[in-house]
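Counting in the numbering used here, the final residue of the sequence shown is number 604, and the numbers go up one at a time with none missing. This report concerns only the one structure given below.
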Amino acid sequence: MCAPMVSERAANSSRHIKKGNLNVMIKITKFGGSSVADAEHFKKIKAIIDADPSRRFVVVSACGRRFKGDTKVTDLLYLVNAHVKYHVSCDDLLKDIGQRYFDIADQLGLSYPIRDEFAAFADKCRKGEYTTEELVSRGEYFTGRLMAEYLDLPFLDAKDVVAFHHDGSLSMKRTAELVAERGPKSGFLMPGFYGATREGQIKLLDRGGGDISGSILAKCLEADLYENWTDVSGFLSADPRIVPSAQPIKRITYQELRELSYMGASVLHEEAVFPVMEAGIPIAVRNTNAPEDPGTVISDREDYLEDEPIITGVTGKRNFVAVHVMKDHMSNEVGLIRRVLSIFERYNVSVEHIPSGIDSFAVVVNGADVKDSLWSIVADIKSEVNPDNIKVVDNLALISTVGRNMSGRPGVSGCLFAALGQDGISIRMIAQGSDEINIIVGVRDEDFERAIRAIYNAFSDGDHIMELSELESLQNASSIDLSTKA
Ligand code: ASP
Numbered sequence: 119m120c121a122p123m124v125s126e127r128a129a130n131s132s133r134h135i136k137k138g139n140l141n142v143m144i145k146i147t148k149f150g151g152s153s154v155a156d157a158e159h160f161k162k163i164k165a166i167i168d169a170d171p172s173r174r175f176v177v178v179s180a181c182g183r184r185f186k187g188d189t190k191v192t193d194l195l196y197l198v199n200a201h202v203k204y205h206v207s208c209d210d211l212l213k214d215i216g217q218r219y220f221d222i223a224d225q226l227g228l229s230y231p232i233r234d235e236f237a238a239f240a241d242k243c244r245k246g247e248y249t250t251e252e253l254v255s256r257g258e259y260f261t262g263r264l265m266a267e268y269l270d271l272p273f274l275d276a277k278d279v280v281a282f283h284h285d286g287s288l289s290m291k292r293t294a295e296l297v298a299e300r301g302p303k304s305g306f307l308m309p310g311f312y313g314a315t316r317e318g319q320i321k322l323l324d325r326g327g328g329d330i331s332g333s334i335l336a337k338c339l340e341a342d343l344y345e346n347w348t349d350v351s352g353f354l355s356a357d358p359r360i361v362p363s364a365q366p367i368k369r370i371t372y373q374e375l376r377e378l379s380y381m382g383a384s385v386l387h388e389e390a391v392f393p394v395m396e397a398g399i400p401i402a403v404r405n406t407n408a409p410e411d412p413g414t415v416i417s418d419r420e421d422y423l424e425d426e427p428i429i430t431g432v433t434g435k436r437n438f439v440a441v442h443v444m445k446d447h448m449s450n451e452v453g454l455i456r457r458v459l460s461i462f463e464r465y466n467v468s469v470e471h472i473p474s475g476i477d478s479f480a481v482v483v484n485g486a487d488v489k490d491s492l493w494s495i496v497a498d499i500k501s502e503v504n505p506d507n508i509k510v511v512d513n514l515a516l517i518s519t520v521g522r523n524m525s526g527r528p529g530v531s532g533c534l535f536a537a538l539g540q541d542g543i544s545i546r547m548i549a550q551g552s553d554e555i556n557i558i559v560g561v562r563d564e565d566f567e568r569a570i571r572a573i574y575n576a577f578s579d580g581d582h583i584m585e586l587s588e589l590e591s592l593q594n595a596s597s598i599d600l601s602t603k604a
């Protein structure tokens, strides 16, 4: 569906690679840990790269899990670091890690001197000569070295282009300059997850940050598309452990993705959206093990198509706490909500929602954030605000139904609430984002999965999520009197 948009960008971009007389688009192609787990996956990647001449800028994670119960190289490296720190031998661990790389190199007949390089690395580890960040970054470094040779691409060390400030934050401006200055124009392979300060000190992004490296590179190169290859065929419209028939999402906006990720859906690192979103570059999430699957395209297209699903996805998180504050004539008392919120701020607790009535409001926070401070917060509210009553409701689960197509369409929330009512699920809180792309309901923790299923089923015919063209029949089916909705 995003094809026309991509070729439009291609036509306008000045950075396209020349192949003969053809202008080829720029795609940043990022492969996650499970996609580079072993030699068999390296082969799959080569086939993917060879299938499309615009895939010339590749980013890789460190080798991930090969099978259920296996350990990612990055986790093993953190373990090596801990052993070194506590002066415990890490020889067995290093042997296991090294072997993973040797197997790949041997099976693919690569000439990169991995045994020598790895021996030098292991030696330095044992002597405690690495910082944690440099030691851990070697996972992506060695994976990148082998992959670069296998794909016949120049290796661009992330430490030479991905620029960090000393406080660990990223310098996007300097990174863009360095990529322009040092990155081979016809393509290269860059390891993800790390970069360095001006002085060459290695710094890491967050865990799972290879996704962010790919996004940064896409922005720097003004790419037409950021392809993020992983082990699932894009985002599903619900957690398949809860809704086994959940269907893949074909198209989603950055904003919808933010909402779904924040509330629990995890395929792409949350922060990876920002660099490409700012640059208006679409992301395609694809499956290395099923490259023919279309995956999910994330872009800023918000136009409505009649064959689009009414909702994009349903997700949620458990373990929220709502602190209800009740006081007569509250609405006339200036500054009361601010005073209550400043108490939460004092305890460094971030507030998720503030549903309010005339004489009451609730502050909804993440249960883990108030584990130690909840009763001190309640005591402070009592003494500083003097409410008539305070009620704490814990074990609250929040469920977010997300969909750009819900906005401005009467009856959608009616269907949603009717579904929960018909299933006997009591709604304890309701919130809606100002852009109307999500409806959040709070239910008891024990109703969490049932509520997700009820909402999903309300918008699905068992096979697929109903399309906009089917909205009317959906409204009729849920017997909502639309004359009362506007
Ligand atoms: N290897 C790093 C991790 O496991 C980064 C990544 O895979 O994106 O967190």
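The beta-carbon is built from N, C-alpha and C at its ideal position, and this holds for glycine as well.
- Query: Near K321, what residues of its chain come up, given a Cβ to Cβ distance below 8 Å and the 5 sequence neighbours on each side ignored?
  - Reply: E251, F282, G286, Y312, G313, A314 and T315
- Nearest to R522 by alpha carbon, out of T348, P473, K164 and I416? It is I416 whose Cα lies nearest to the Cα of R522.
- Item | G301 classed as buried or exposed, judged by whether at least 16 other C-beta atoms fall within 10 angstroms | buried
- Exposure label - R359; buried when at least 16 CB within 10 Å: exposed
- Item | Exposed unless 16 or more other CB atoms sit within 10 angstroms - verdict on L271 | buried
- Can you tell which of L274, G318 and M265 has its C-alpha closest to the C-alpha of H284? Taking only the C-alpha atoms, the option nearest H284 is G318.
- Task: Could you name the residues of the same chain whose beta carbon sits closer than 7 Å to that of Y196, not counting the 5 residues immediately before and after it, in chain order?
- Result: V254
- Item | At least 3 beta-carbon pairs within less than 8 Å: the stretch 499 to 506 vs the stretch 558 to 565 | Judged by Cβ distances under 8 Å, the stretch 499 to 506 makes no contact with the stretch 558 to 565, as fewer than three pairs qualify.
- Please state whether DSSP places S587 in a helix, a strand or coil. Assigned with DSSP and collapsed to three states, S587 falls in helix.
- Exposed unless 16 or more other CB atoms sit within 10 angstroms - verdict on M584: The residue in question, M584, is buried, as its Cβ has 16 or more Cβ neighbours within 10 Å.
- Task: Could you spell out where the alpha helix (DSSP H) holding F216 opens and where it closes?
- Result: In the sequence as displayed, the identity of residue 216 is Gly instead of Phe. It spans D209 to L226 - the alpha helix (DSSP H) in which G216 sits, taken as one unbroken run.
- Message: At a cut-off of 7 Å, would you count K190 as near the ligand ASP, judging by its Cβ distance to the nearest heavy atom?
- Response: Within the cutoff, so yes.
- Message: Let me confirm a value: G539 is counted as buried when at least 16 other C-beta atoms fall within 10 Å, else exposed. Which label applies?
- Response: exposed
- Touch test, the stretch 478 to 485 against the stretch 444 to 457, Cβ-Cβ under 8 Å, three pairs minimum: They touch, by the three-pair rule.
- Message: So for K337, helix, strand or coil by DSSP?
- Response: helix
- Task: Quick one: give me the first and last residue of the beta strand (DSSP E) that H471 is part of.
- Result: Unbroken beta strand (DSSP E) run through H471: V469 to H471.
- Closest to M256 by CA distance: which of L269, K245 and F236 is it? Looking at the sequence itself, residue 256 is Arg, so the reference to Met does not match. If we check each option's Cα against that of R256, F236 comes out closest.
- Task: Identify which residue in C208, P366 and M308 has its Cα closest to the Cα of I429.
- Result: P366
- Message: For E377, count the other beta carbons within 10 Å of its own beta carbon; 16 or more makes it buried, fewer makes it exposed. Which is it?
- Response: buried
- Message: Just to confirm before moving on: does the CB-CB distance between A576 and A515 stay below 8 Å?
- Response: no
- Using beta-carbon positions only, say whether Y344 and I401 come within less than 8 Å of one another. yes
- Query: Can the beta-carbon of K145 be found less than 8 Å from the beta-carbon of A341?
  - Reply: Yes.
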